[in-house]
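Enquirer:
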Amino acid sequence: MWIPIQINENSAEPLYHQIETQLRSLIISGVITEGTLLPSIREFSADLKCSVITVRRVYQDLENEGLLRTRQGTGTFVSHVGDGAMEGYKQDAVRKALESAVEVAQSVQCSFDELQQIFQEIVERKYKGLE
Amino acid sequence: MVQMAIELRNVRKERRNKTIGPLTLNLPQGYITALVGQNGSGKSTLLHMLLQLTNPEEGEIHWFENKHESGLPLELRQAIAYVPEISLTEENHWTTMDAARFRSHWYPLWDNAYLEELLTKFEVPRNLTLGRMSKGERRKFEIAAALAACPSLLLLDEPSSGLDPFAWKMMIEMLTRYMDKSNATIIMSTHNVEEVRRLADYIVLMHQGQVLGMAEKDSLFGLWSEVWIHANDEEELADLAAELPGSVHFAMETPGVASFITQQFQQIEERIHSLGVKVIKSRSLELDEILSLWTQGHRPILIDQMRGV
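Note that the protein sequences, when read in sequence, are chains A and B. The first sequence begins at 1 in this note's numbering and counts up one residue at a time. The second sequence begins at 132 in this note's numbering and counts up one residue at a time.
(1) What is the DSSP secondary structure of E43 of chain A, counted as helix, strand or coil?
(2) For a cutoff of 7 angstroms on Cβ pairs, would you count E63 of chain A as touching chain B?
(3) Tell me which same chain residues have a C-beta within less than 6 angstroms of the C-beta of L62 of chain A, skipping the five on either side of it?
(4) Let me check one thing: in DSSP terms, what residues is F391 of chain B bridge-paired to?
(5) Can you give me the C-alpha to C-alpha distance between D288 of chain B and G82 of chain A, rounded to a whole angstrom?
(6) According to DSSP, is D295 of chain B helix, strand or coil?
(7) Residues in the stretch 325-342 of chain B with C-beta within 8 angstroms of chain A's C-beta atoms, listed in sequence order?
(8) Which residues of the stretch 70-81 of chain A have a Cβ closer than 8 angstroms to any Cβ of chain B? Give them in chain order.
(9) Any idea if I118 of chain A is buried or exposed, counting beta-carbon neighbours within 10 angstroms, 16 or more meaning buried?
(10) Which chain A residues are close to E347 of chain B, counting only those with a beta carbon under 7 angstroms from its beta carbon?
(11) Could you check which residue in B:W359, B:N314, B:I151, B:E206 has the C-alpha nearest to that of N186 of chain B?
(12) Let me know the secondary structure DSSP gives W241 of chain B once reduced to three states.
(13) For D419 of chain B, return the contacting residues in chain A, with the cut-off set at a CB-CB distance below 7 angstroms.
(14) Is there at least one Cβ from chain B nearer than 7 angstroms to S40 of chain A's Cβ?
(15) Roughly how many whole angstroms lie between the Cα atoms of Y127 of chain A and T33 of chain A?
(16) Roughly how many angstroms lie between the CA atoms of L26 of chain A and H338 of chain B, to the nearest whole one?
(17) Quick one: measure Cβ to Cβ for V167 of chain B and L336 of chain B, integer angstroms, because I've assumed they're closer than 8 angstroms.
(18) Using a beta-carbon distance below 7 angstroms, is K312 of chain B in contact with chain A?
(19) Rounded to whole angstroms, what is the Cα-Cα separation between A165 of chain B and I334 of chain B?
(20) If we require 4 or more residues per run, which alpha helix (DSSP H) segments fall completely within the stretch 167-249 of chain B?
(21) Indicate whether W194 of chain B and L205 of chain B have their beta-carbon atoms separated by less than 7 angstroms.
(22) Is any heavy atom of the ligand COA found at a distance shorter than 6 angstroms from the C-beta of S313 of chain B?
(23) Need the endpoints of the beta strand (DSSP E) that G344 of chain B sits in, please.
(24) Beta carbons nearer than 7 angstroms to chain A: which residues of the stretch 391-416 of chain B have them?
(25) Mapping DSSP to helix, strand and coil, what is H80 of chain A?
(26) Report the partner residues of R143 of chain B according to the DSSP bridge assignment.
(27) For the alpha helix (DSSP H) containing Y59 of chain A, list its first residue and its last residue.
(28) Distance cutoff 7 angstroms, beta carbons only. Does E9 of chain A sit that close to anything in chain B?
(29) Run the CB neighbour count on N323 of chain B, radius 10 Å, all protein chains shown included, and call it buried at 16 or more, exposed below.
(30) Is it buried or exposed, V58 of chain A, if we count other Cβ atoms within 10 angstroms and call 16 or more buried?
(31) Smallest Cα separation from T316 of chain B: which of B:I360, B:I163, B:K149, B:E188?
(32) How about the stretch 372-388 of chain B and the stretch 415-422 of chain B: do they share at least three Cβ pairs that are nearer than 8 angstroms?
(33) Does the distance from the CB of A244 of chain B to the CB of K271 of chain B come in under 7 angstroms?
(34) When DSSP labels each residue in this structure, what does I5 of chain A get in the three-state scheme?
(35) If I measure Cβ to Cβ from M86 of chain A and keep anything under 7 angstroms in the same chain, skipping five residues before and after, which residues do I get?
(36) Taking the alpha-carbon of L98 of chain A as reference, which of A:Q109, A:H80, A:I122, A:V78 has the nearest alpha-carbon?
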């Protein structure tokens with residue numbers, strides 16, 4: 001199966017970390033569901049153009065977190081994701097996205113009030129009619 | 132602890148017009164190692180020594196932790212498959228099936244069904260003699276026949292030369308799949324950077340008969356950056372260059388804009404800012420650019436070179 005992971009070549013973030021973060025969020029957000037068989041380490045490394053050493057490290061880390069499990073001879077599967085993990089992930093993802101948005105604002109010398117006003121506008125526009 | 136498929140210790144080989152080595156290298160078992168380097172850098176000679184097609188004047192070679200100075204034993208030969216850079220003329224008058232039959236005689240693990248599957252995928256003509264095939268067709272046969280031997284050690288000398296892009300992609304998939312089902316080791320020389328990106332776990336860079344170094348491929352990721360900055364003139368740029376040892380290729384691009392190449396940009400970015408220099412943009416260098424800098428003598432700073440081994 002093809003896993004939608006996008007590597008950013010210009011990022012300072014190490015390769016294994018980029019892959020691990022994206023795979024973790026695909027699992028926690030439910031895009032890849034429980035019981036899914038992931039590609040073999042060699043296959044995944046060819047897709048991502050990285051070494052098997054990197055993919056092995058990612059699988060091992062996520063296995064230690066309980067998100068993956070490996071059955072000898074069959075492969076690596078997605079395990080059950082607890083509800084707590086989902087809630088934690090939601091908070092984390094939103095915080096991270098907002099933080100980088102604020103950094104953009106600072107880099108163009110946007111003032112505190114200006115930024116709050118923009119934020120308010122966007123939230124109102126996006127949530128309007130959803131109540 | 133990963134076992135070594137191949138170990139070279141101070142191996143030196145005299146060629147008519149040059150010396151290869153002394154080479155010291157450890158190539159781990161179960162991985163794909165790409166030998167990269169310009170023409171004549173010694174890649175093929177290294178592969179020949181691993182087959183004892185030629186023997187070194189000095190030094191030791193170990194295969195799976197044993198040295199075999201009086202010749203490779205039969206069981207080891209039967210575990211090695213090789214795709215040479217130039218096809219052997221001995222097989223020219225044989226058809227695909229004749230050559231396969233002959234080869235199958237030497238390899239106890241030979242898998243005919245697997246060969247059929249690969250030849251069909253590659254669309255290799257069955258009844259043509261190998262000598263009458265196009266270079267690409269013949270190459271496809273040789274790759275398929277090397278895999279059909281189910282080797283533990285697969286030596287490939289520029290396997291993709293002559294392959295069209297479709298056959299090339301198939302070859303990548305075949306090698307990937309073979310590595311998946313076996314715990315084989317592949318050592319391949321290549322000029323194709325895309326092949327290195329898709330297949331290699333380790334890269335050995337050779338230059339003028341020497342090994343410049345070995346790196347896990349991903350440790351080179353994002354290592355070098357090209358950085359564009361504001362600079363008024365050459366003089367200002369020279370001042371900055373003096374502050375940044377290890378950075379290279381300082382050049383004025385247009386009036387007011389200069390560029391240079393540096394390792395671990397994230398670590399020196401703050402220093403550049405503190406010097407009052409404004410960074411316009413940066414980009415990570417591609418693998419081929421990193422290898423070419425390395426060949427020019429700019430060694431990468433590898434933090435965890437042998438991670439995993």
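We put the beta carbon where it would ideally sit given N, CA and C, even for glycine.
Expert: With the given structure in hand:
(1) The residue given as residue 43 of chain A occupies position 43 in the first sequence. Note: E43 of chain A maps to helix in three-state DSSP.
(2) Taking the first residue of the first sequence as position 1, residue 63 of chain A is located at position 63. No, E63 of chain A lies away from the interface with chain B (no Cβ there is under 7 angstroms from its Cβ).
(3) As a position in the first sequence, residue 62 of chain A is number 62, starting the count at 1. The answer, listed in chain order, is L68.
(4) The sequence position of residue 391 of chain B within the second sequence is 260, counting from 1. Answer is B:V358.
(5) Counting from 1 along the second sequence, the entry for residue 288 of chain B is found at position 157. Counting from 1 along the first sequence, the entry for residue 82 of chain A is found at position 82. Distance between the alpha carbons of D288 of chain B and G82 of chain A: 50 angstroms.
(6) Your numbering for residue 295 of chain B matches position 164 in the second sequence. Here D295 of chain B sits in coil by DSSP.
(7) R328, R329, L330, A331, D332, Y333
(8) none
(9) For this step, residue 118 of chain A is matched to residue 118 along the first sequence. Burial call: exposed.
(10) The sequence position of residue 347 of chain B within the second sequence is 216, counting from 1. By Cβ distance, chain A contributes S51, I53.
(11) For the purposes of this step, residue 186 of chain B is identified with residue 55 of the second sequence, where counting begins at 1. The shortest C-alpha separation from N186 of chain B is found at B:I151.
(12) Here residue 241 of chain B refers to the residue found at position 110 when the second sequence is read from its first residue. It is coil, neither helix nor strand.
(13) For the purposes of this step, residue 419 of chain B is taken as residue 288 along the second sequence, with counting starting at 1. Under the 7 angstroms cutoff, chain A gives no residues; its nearest Cβ is about 13 angstroms from D419 of chain B.
(14) Residue 40 of chain A sits at position 40 when you count from the first residue of the first sequence. Yes - at least one Cβ of chain B is within 7 angstroms of the one on S40 of chain A.
(15) The residue given as residue 127 of chain A occupies position 127 in the first sequence. The residue given as residue 33 of chain A occupies position 33 in the first sequence. Each residue's Cα considered, the two are about 28 angstroms apart.
(16) As a first step, residue 26 of chain A must be located in the first sequence, where it is residue number 26. As a first step, residue 338 of chain B must be located in the second sequence, where it is residue number 207. C-alpha separation (whole angstroms): 43 angstroms.
(17) As a position in the second sequence, residue 167 of chain B is number 36, starting the count at 1. As a position in the second sequence, residue 336 of chain B is number 205, starting the count at 1. Contact holds; Cβ gap of about 5 angstroms.
(18) On the second sequence, residue 312 of chain B is found 181 positions in, with the first residue counted as 1. Not an interface residue.
(19) To locate residue 165 of chain B, count along the second sequence from 1; it is residue 34. To locate residue 334 of chain B, count along the second sequence from 1; it is residue 203. Taking the straight line joining both Cα atoms gives about 5 angstroms.
(20) 174-181, 205-208, 227-237
(21) Within the second sequence, numbered from 1, the residue matching residue 194 of chain B stands at position 63. Within the second sequence, numbered from 1, the residue matching residue 205 of chain B stands at position 74. No, the Cβ-Cβ distance between W194 of chain B and L205 of chain B is not below 7 angstroms.
(22) As for the ligand COA, it is missing from this structure, which has no ligand bound.
(23) For the purposes of this step, residue 344 of chain B is taken as the residue at position 213 of the second sequence. 341-347 is the span of the beta strand (DSSP E), which, as asked, contains G344 of chain B.
(24) Q397, R414, S415
(25) Your numbering for residue 80 of chain A matches position 80 in the first sequence. Three-state DSSP puts H80 of chain A in coil, outside helix and strand.
(26) Within the second sequence, residue 143 of chain B is the residue found at index 12, counting from 1. DSSP output for R143 of chain B lists B:E189 as bridge partner(s).
(27) For this step, residue 59 of chain A is matched to residue 59 along the first sequence. Y59 of chain A -> alpha helix (DSSP H) spans 52-64.
(28) Within the first sequence, residue 9 of chain A is the residue found at index 9, counting from 1. Chain B, which has a Cβ nearer than 7 angstroms to the Cβ of E9 of chain A, makes this yes.
(29) The residue you call residue 323 of chain B lines up with position 192 of the second sequence. Result: buried.
(30) The residue labelled residue 58 of chain A in the question sits at position 58 within the first sequence. Looking at its Cβ environment, which holds 16 or more other Cβ atoms inside 10 Å, V58 of chain A is buried.
(31) As a working mapping, residue 316 of chain B is identified with position 185 in the second sequence. Looking at the Cα atoms, B:I163 is the closest of the given residues.
(32) no
(33) Looking up residue 244 of chain B in the second sequence gives position 113. Looking up residue 271 of chain B in the second sequence gives position 140. Not a contact, by the Cβ cut-off of 7 angstroms.
(34) Walking along the first sequence from the start, residue 5 of chain A turns up at place 5. Three-state result, I5 of chain A: coil.
(35) Mapped onto the first sequence, residue 86 of chain A falls at position 86. If we look at M86 of chain A and ignore the five residues flanking it on each side, its Cβ neighbours are I28.
(36) To locate residue 98 of chain A, count along the first sequence from 1; it is residue 98. The shortest Cα separation from L98 of chain A among A:Q109, A:H80, A:I122, A:V78 belongs to A:I122.
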